[in-house]
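Student: Order-wise, the sequence lines are chains A, B and C. Anchor point for the first sequence: position 195 equals 195 in full-length UniProt numbering, and the numbering is continuous, going up by one each time. Anchor point for the second sequence: position 268 equals 268 in full-length UniProt numbering, and the numbering is continuous, going up by one each time. Anchor point for the third sequence: position 90 equals 90 in full-length UniProt numbering, and the numbering is continuous, going up by one each time. Next up is a structure, given as structure tokens.
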Amino acid sequence: MLAHIIQTLPQVIVDGLTLGVVYAVVAIGYTMVYGILELINFAHGEIFMSGAFIGTTVLLILSSVGFLSSVPAILAFIIIIVIASLATGFLGMGIERVAYRPLRSAPKLITLITAIGVSFLLQDIVRFIAELKTGNYIVSAPSLFNDKIHLKTSAILPQFGDALFKSSFLVVLIVAIIMLVALDFFVNRTKWGMAMRAVAQDRETASLMSINVNKVISVTFFVGSALGGATGVLFMIQYGTIDPYIGFILGIKAFTAAVLGGIGNIRGAMVGGLLIGFLEMFAAANLSTLTHGAFGAEYKDIFAFAILIAVLIFKPEGLFGKAVVEKV
Amino acid sequence: MRKLVDLFSQNKKAQLLLFIVYVAVTSLSLILAQQSVVAFLLLLFSILLLYFLKLNTKAKWIIGLLIVAVLIPFSASQGQAYESYMDVATLVGIYCAMALGLNIVVGFAGLLDLGFIAFFAVGAYTYGIFASAQASKFLHFGHFPLSGESFWIFILIGGIVAAIFGILLGIPVLRVKGDYLAIVTLGFGEIIRIIFNNLDHPINITNGSMGIASIAPPKIFGIVIANASQFYYVALAILLVVIYIVTRLEHSKIGRAWKAIRDNEIAGQAMGIPLVKTKLTAFAIGASFSGMMGVVFAAKQTYVDATSFTLLESTTVLVMVLLGGMGSVPGVILGAAVVTILNLQVLTEVSNWLNQLNTNGVISVPDALSPAKMQRFIFGLLLILFALYRPKGLIPAKNQKYDANKLKKSTTKSMYVEPQVSNDKKASGGSEI
Amino acid sequence: MNVLEVTDLTKKFGGLYANTNINMSIKKNSITAVIGPNGAGKTTFFNMITAVYKPTSGDILLNGKSLVGLKPHQVTKFGIARTFQNIRLFHDLTVLDNVLVGMHHHLKSNWVGALFQMPRTRHAEDNAKKEAYQLLEYVGLADLLNESAGNLSYGAQRRLEIARAIAAKPKVLLLDEPAAGMNPKETKKLTDLIHDMRSKLDITIVLIEHDMKLVMEISDYIYVLDHGEEIASGKPDDIRNNPRVIEAYLGKGAVANG
Ligand SMILES: Nc1ncnc2c1ncn2[C@@H]1O[C@H](COP(=O)(O)OP(=O)(O)O)[C@@H](O)[C@H]1O
Ligand SMILES: [Mg+2]
Numbered sequence: 001m002l003a004h005i006i007q008t009l010p011q012v013i014v015d016g017l018t019l020g021v022v023y024a025v026v027a028i029g030y031t032m033v034y035g036i037l038e039l040i041n042f043a044h045g046e047i048f049m050s051g052a053f054i055g056t057t058v059l060l061i062l063s064s065v066g067f068l069s070s071v072p073a074i075l076a077f078i079i080i081i082v083i084a085s086l087a088t089g090f091l092g093m094g095i096e097r098v099a100y101r102p103l104r105s106a107p108k109l110i111t112l113i114t115a116i117g118v119s120f121l122l123q124d125i126v127r128f129i130a131e132l133k134t135g136n137y138i139v140s141a142p143s144l145f146n147d148k149i150h151l152k153t154s155a156i157l158p159q160f161g162d163a164l165f166k167s168s169f170l171v172v173l174i175v176a177i178i179m180l181v182a183l184d185f186f187v188n189r190t191k192w193g194m195a196m197r198a199v200a201q202d203r204e205t206a207s208l209m210s211i212n213v214n215k216v217i218s219v220t221f222f223v224g225s226a227l228g229g230a231t232g233v234l235f236m237i238q239y240g241t242i243d244p245y246i247g248f249i250l251g252i253k254a255f256t257a258a259v260l261g262g263i264g265n266i267r268g269a270m271v272g273g274l275l276i277g278f279l280e281m282f283a284a285a286n287l288s289t290l291t292h293g294a295f296g297a298e299y300k301d302i303f304a305f306a307i308l309i310a311v312l313i314f315k316p317e318g319l320f321g322k323a324v325v326e327k328v
Numbered sequence: 001m002r003k004l005v006d007l008f009s010q011n012k013k014a015q016l017l018l019f020i021v022y023v024a025v026t027s028l029s030l031i032l033a034q035q036s037v038v039a040f041l042l043l044l045f046s047i048l049l050l051y052f053l054k055l056n057t058k059a060k061w062i063i064g065l066l067i068v069a070v071l072i073p074f075s076a077s078q079g080q081a082y083e084s085y086m087d088v089a090t091l092v093g094i095y096c097a098m099a100l101g102l103n104i105v106v107g108f109a110g111l112l113d114l115g116f117i118a119f120f121a122v123g124a125y126t127y128g129i130f131a132s133a134q135a136s137k138f139l140h141f142g143h144f145p146l147s148g149e150s151f152w153i154f155i156l157i158g159g160i161v162a163a164i165f166g167i168l169l170g171i172p173v174l175r176v177k178g179d180y181l182a183i184v185t186l187g188f189g190e191i192i193r194i195i196f197n198n199l200d201h202p203i204n205i206t207n208g209s210m211g212i213a214s215i216a217p218p219k220i221f222g223i224v225i226a227n228a229s230q231f232y233y234v235a236l237a238i239l240l241v242v243i244y245i246v247t248r249l250e251h252s253k254i255g256r257a258w259k260a261i262r263d264n265e266i267a268g269q270a271m272g273i274p275l276v277k278t279k280l281t282a283f284a285i286g287a288s289f290s291g292m293m294g295v296v297f298a299a300k301q302t303y304v305d306a307t308s309f310t311l312l313e314s315t316t317v318l319v320m321v322l323l324g325g326m327g328s329v330p331g332v333i334l335g336a337a338v339v340t341i342l343n344l345q346v347l348t349e350v351s352n353w354l355n356q357l358n359t360n361g362v363i364s365v366p367d368a369l370s371p372a373k374m375q376r377f378i379f380g381l382l383l384i385l386f387a388l389y390r391p392k393g394l395i396p397a398k399n400q401k402y403d404a405n406k407l408k409k410s411t412t413k414s415m416y417v418e419p420q421v422s423n424d425k426k427a428s429g430g431s432e433i
Numbered sequence: 001m002n003v004l005e006v007t008d009l010t011k012k013f014g015g016l017y018a019n020t021n022i023n024m025s026i027k028k029n030s031i032t033a034v035i036g037p038n039g040a041g042k043t044t045f046f047n048m049i050t051a052v053y054k055p056t057s058g059d060i061l062l063n064g065k066s067l068v069g070l071k072p073h074q075v076t077k078f079g080i081a082r083t084f085q086n087i088r089l090f091h092d093l094t095v096l097d098n099v100l101v102g103m104h105h106h107l108k109s110n111w112v113g114a115l116f117q118m119p120r121t122r123h124a125e126d127n128a129k130k131e132a133y134q135l136l137e138y139v140g141l142a143d144l145l146n147e148s149a150g151n152l153s154y155g156a157q158r159r160l161e162i163a164r165a166i167a168a169k170p171k172v173l174l175l176d177e178p179a180a181g182m183n184p185k186e187t188k189k190l191t192d193l194i195h196d197m198r199s200k201l202d203i204t205i206v207l208i209e210h211d212m213k214l215v216m217e218i219s220d221y222i223y224v225l226d227h228g229e230e231i232a233s234g235k236p237d238d239i240r241n242n243p244r245v246i247e248a249y250l251g252k253g254a255v256a257n258g
């Protein structure tokens, strides 16, 4: 049993890292919005999904005009991801403006219901467009980075198996890390980032200090959604096939990552995402061996959920969050 | 014109007369034109009209019961579409009961449960497993399937099992921030589906994705209840019990406590309400209603598999509650009826009609736009629009009014004698500031 | 005899000491005022007594029994009820229902009884409603019994909060700035009400208040907080002339100048 675990470990690390960074970036979107509005933005998973579809659309258009064959793949990729993240950024901002802002003083319950409504609406609009254009709502994107890379990890330790991955893995990893670092810089070092943290801490005081709260919230939604949309593109590049419902389960897992890291805490969300990604891939690879075949990889989705419950029981403020006492 | 309307809204007799005419006309048209779905729906609509009539509550209940239990089945029974009408009516009953259960959680206690259908699944599987040969695959004692007579007991058992699931889920979650409940229940709905879909190994409990077939239909006094026209009465009876329970609870101590913590958690606790216990009761009772209706559903379909329990179903019930009016019992019943009929009748009818137009070449509507497929779009839009523009729903919740005279005529001696400070009558309204 | 005894009560929020070693002894059937500038830690003190906040250290004794570690609803059951500085009514419930919720812990009615309409439950509910109505008459809100609490005027909401709190039949009643936002006429009525409650309901009252006229007129004893510390305590006349109190309220210069 142990031998199997060790043997698959390099592959688990590679796959877990890929999935982990995807969760991490999406989790940041949840955590930023929660930090500033105390709202679980259910539509964030769908923003991610929309990003994947917008990216695919651009990719298909580029390839139909013959652009793809004439430029290096990486350039095409940059164009795609920039367009997709701008589009989803504005989408997220628009959603906040239309659906959440009018309800800012309404009971939380109502806003949460709206968020669920938005997420359903987005799913179906995307399904509708995809089905109209391609006849099927499951869409396969042509692959950009397809070279197989064989990592001879067995050379490091004889017990290790080799890890195999597509070159897209490197792209996903590098881009995601760039986004994480850039965001960290944005939040901690820029004027807008500072304003964002101020509003998250105390909206009233922030507005007294002549911070334009509405604008800050808009920017938060833009940044969080743009990151989510860009991650959708990464997902599409890595996994090839997408459908309008990919955002739902992924959204729950990313939210779990945010809670695990301490909701509202951006670095926490990054760590939480990576942890959940690893754990899921570890479960997928070893669950069957560990339970002697009783439970297989089909239960891997349950892991994130079990973690969510466990965190809520034992450490509701998350790994890096501070327990705050509500002011009465 | 305005005067006329005012006059009419005051005049009991005129209202009653017009109502009788309406009911007579619609039921007659249903008898004569059996194919007419419109006549059937208009007849159902009479219940809503009845609700707004200026009659006393008892009379309304009697008339309503007559229409629902006698007139509708009779009028619909004159043609071939009988069973399909009764099928729709049965499902309306089932969904009404479910929506009333969710209303306790969302409407009264203010907790957002997005995995409500998971408890429905628990109930459905509880009956499905034991009322079919499935149980004998993992239990090596007892004789399975249990007969359809066990159905009546299983309504209770299904409710209890679902409540236990609800409590197990609620204990960790309800201790922490309220809005986490939304995402946890969302996840739970999905997890239950995955588990039921895969639990054919290592032990075959749910038969996995094959589902459980040949579930025994209910039996009473040796009569097997197999078709929709009979099931209709089962659903109706259960719905009546549910309405009774919900209204009793709403106006009891626990109902007030639910609404109190919904309005202000901190003040509720400060007034002596145990927060977690009170939330948990709402959550568990809501879950048990869902579980009970799951049992009914399994017995009605005689087949269950995991595909009937998706997030779309949970959201459908939520739409019913929001559309009708959170916390409003008549509202939620209306919401459940409207959404069920929209789902089962209107969307499919419109889709069929569009299909026909398509095949006749009149217009061409792409298949992707077929209304039957647009449920998510429609429900999503309804949720947003109602939350933004009519958060109290079609029939907003009303508070029970107390009769001051009855409360005054108290024989018990007041401990607060001579209200010394409230002599100043005018100030008691407190219109200052 | 002391009903409420607080010893070395301290509350820390991160690095901020909101309360530092507060000691109080509150006599049965007395009216005690807790005063101090904004942010002095008065509400925090109430929040610890009612278990909304957990004390960092120190003890709270009600008739000799410690309340530390209890849940808020248990504290209510033990005999402490309160109102809130920023009014917290059940705004969608009727005025009478608000008072009925106040009776939650002693109302003998459970859901089984409610479902089957058992005579005992009905009887308890009927009596509770009558009593709630009397309470509304007592605070002068009887005419508004079926109004939603959220629709009441400010002054009426404050009085409803008091009615709701005494519905819990507390031994000690905590009032957090009950006169805030009231005009002089309303304040006068409130003063009468507080006096009347003490004499008729066998209740001990602790109140936080900024209206010095009201405080001086009504209190048997006064505690003064500033920056989380107890800077003075005594009878109204002692407090009135205490230089440290004047300094806390008016700033350092005030004592020197005046
Ligand atoms: N839940 C809390 N978290 C952090 N700080 C708090 C909290 N509650 C109160 N404080 C702080 O404690 C201090 C005292 O507040 P408070 O007790 O409300 O003062 P007062 O009622 O005397 O005006 C203030 O500085 C306030 O900001
Ligand atoms: Mg205060």
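We treat Cβ as the ideally placed atom computed from N, Cα and C, and that holds for glycine.
How would you label B:N405, buried or exposed, when you count the other beta carbons within 10 angstroms and need 16 or more for buried?
Tutor: With fewer than 16 Cβ atoms within 10 Å of its Cβ, B:N405 is classed as exposed.
Student: One question on the structure: do B:I191 and B:L199 come within less than 8 Å of each other, judged by their Cβ atoms?
Tutor: Not in contact: B:I191 and B:L199 (Cβ atoms no closer than 8 Å).
Student: Run down chain A in chain order and give the residues with a C-beta less than 8 Å from the C-beta of C:F13.
Tutor: Residues of chain A passing the Cβ test: V325.
Student: Write down every uninterrupted run of the alpha helix (DSSP H) in the stretch 82-169 of chain A whose length is 4 residues or greater and which is fully enclosed by it, in chain order.
Tutor: Taking only runs of at least 4 residues, the alpha helix (DSSP H) segments lying wholly in the stretch 82-169 of chain A are 108-134.
Student: Where are the alpha helix (DSSP H) runs, 4 residues long or more, that stay fully inside the stretch 277-319 of chain B, in chain order?
Tutor: Correct list: empty.
Student: What did DSSP end up calling C:M48 once you bin it into helix, strand or coil?
Tutor: If DSSP states are grouped into helix, strand and coil, C:M48 belongs with the helices.
Student: Contact check, B:L169 vs B:F188 under 8 Å by CB: the rounded distance?
Tutor: That belief holds up - the Cβ atoms of B:L169 and B:F188 are roughly 6 Å apart, short of 8 Å.
Student: Could you check whether the Cβ of B:G271 sits closer than 8 Å to any Cβ belonging to chain A?
Tutor: Just to set this straight, residue 271 of chain B is Met in the shown sequence, not Gly. It does not; no Cβ of chain A falls within 8 Å.
Student: Taking only heavy atoms of ligand 2 into account, decide whether any of them is closer than 7 Å to the Cβ of C:T43.
Tutor: Result yes, Cβ under 7 Å from ligand 2.
Student: Going by DSSP in three states, C:T94 sits in which element: helix, strand or coil?
Tutor: Here C:T94 sits in strand by DSSP.
Student: Give a yes or no on whether the minimum CB-CB distance between B:I145 and chain A is below 8 Å.
Tutor: Looking at the sequence itself, residue 145 of chain B is Pro, so the reference to Ile does not match. B:P145 does not count as touching chain A.
Student: What does the Cβ neighbour count give for A:E204, buried or exposed, with the cut at 16 atoms within 10 Å?
Tutor: Looking at its Cβ environment, which holds fewer than 16 other Cβ atoms inside 10 Å, A:E204 is exposed.
Student: Closer than 7 Å by beta-carbon distance: list the chain B residues that pair up with C:G102, in chain order.
Tutor: Within chain B, the residues near C:G102 are M271.
Student: Could you tell me the alpha carbon to alpha carbon distance between B:V5 and B:M326, rounded to whole angstroms?
Tutor: Computed Cα separation, rounded: 29 Å.
Student: Compute every distance between the C-beta of C:L16 and the non-hydrogen atoms of ligand 1, then say whether any falls below 7 Å.
Tutor: Because some heavy atom of ligand 1 lies under 7 Å away, the Cβ of C:L16 counts as near it: yes.
Student: Establish whether the CB of A:T205 and some CB of chain B are separated by less than 8 Å.
Tutor: False, the Cβ-Cβ gap to chain B never drops below 8 Å.
Student: Shorter than 7 Å, the distance from the beta carbon of C:D202 to the closest heavy atom of ligand 2, or not?
Tutor: Checking the Cβ of C:D202 against ligand 2 gives no.
Student: Could you compute how far the alpha carbon of B:A162 sits from the alpha carbon of A:I110?
Tutor: Approximately 26 Å between the Cα atoms of the pair.
Student: Only counting runs of 3 or more residues, tell me where the beta strand (DSSP E) segments fall wholly within the stretch 63-105 of chain B, in order along the chain.
Tutor: Entirely contained in the stretch 63-105 of chain B, not one beta strand (DSSP E) run reaches 3 residues.
Student: For C:F13, name the three-state secondary structure that DSSP assigns.
Tutor: C:F13 falls in the strand class under three-state DSSP.
Student: Given B:V332, which residues of its chain have a CB within under 6 Å of its CB, disregarding the five upstream and five downstream residues?
Tutor: Excluding positions up to five away in sequence, the list reads A99, L100, N103, V321, G324.
Student: If we ignore side chains and look at the alpha-carbon of each, how far apart do C:G15 and B:L181 end up?
Tutor: Their backbone Cα atoms lie some 32 Å apart in a straight line.
Student: Assign C:Y221 to one of three DSSP states: helix, strand, or coil.
Tutor: In the structure shown, C:Y221 sits in a strand (DSSP, three-state: E or B).
Student: Are there any heavy atoms of ligand 2 lying less than 7 Å away from the beta-carbon of C:I208, as far as the coordinates show?
Tutor: Within the cutoff, so yes.
Student: By the three-class DSSP mapping on this structure, what secondary structure does B:R256 have?
Tutor: The answer is helix: DSSP assigns B:R256 an H, G or I state.
Student: Under DSSP, the alpha helix (DSSP H) around C:T204 begins and ends at which residues?
Tutor: Counting along the chain, C:T204 falls outside any alpha helix (DSSP H), though it belongs to the beta strand (DSSP E) covering 204-208.
Student: Is there contact between the stretch 42-58 of chain A and the stretch 238-258 of chain A, where contact requires at least three CB pairs shorter than 8 Å?
Tutor: Short answer: they touch.
Student: Name the DSSP bridge partner or partners of C:G234?
Tutor: Paired residues: C:I222.
Student: In chain order, which alpha helix (DSSP H) runs of at least 4 residues are fully inside the stretch 249-328 of chain A?
Tutor: Counting only runs of 4 or more, we get 266-290, 300-314.
Student: Could you compute how far the alpha carbon of A:I178 sits from the alpha carbon of A:F165?
Tutor: A:I178 and A:F165: Cα-Cα distance of roughly 20 Å.
Student: Listed in chain order, which residues of the stretch 210-222 of chain C have Cβ atoms closer than 8 Å to some Cβ of chain B?
Tutor: So the list is empty, because no residue satisfies the distance condition.
Student: Can you check whether the C-beta of A:K108 is within less than 8 Å of a C-beta belonging to chain B?
Tutor: So yes, A:K108 belongs to the interface.
Student: At a cut-off of 7 Å, would you count C:T13 as near ligand 1, judging by its Cβ distance to the nearest heavy atom?
Tutor: Here residue 13 of chain C is Phe; the residue named in the question, Thr, does not match the sequence. C:F13 Cβ: within cutoff of ligand 1.
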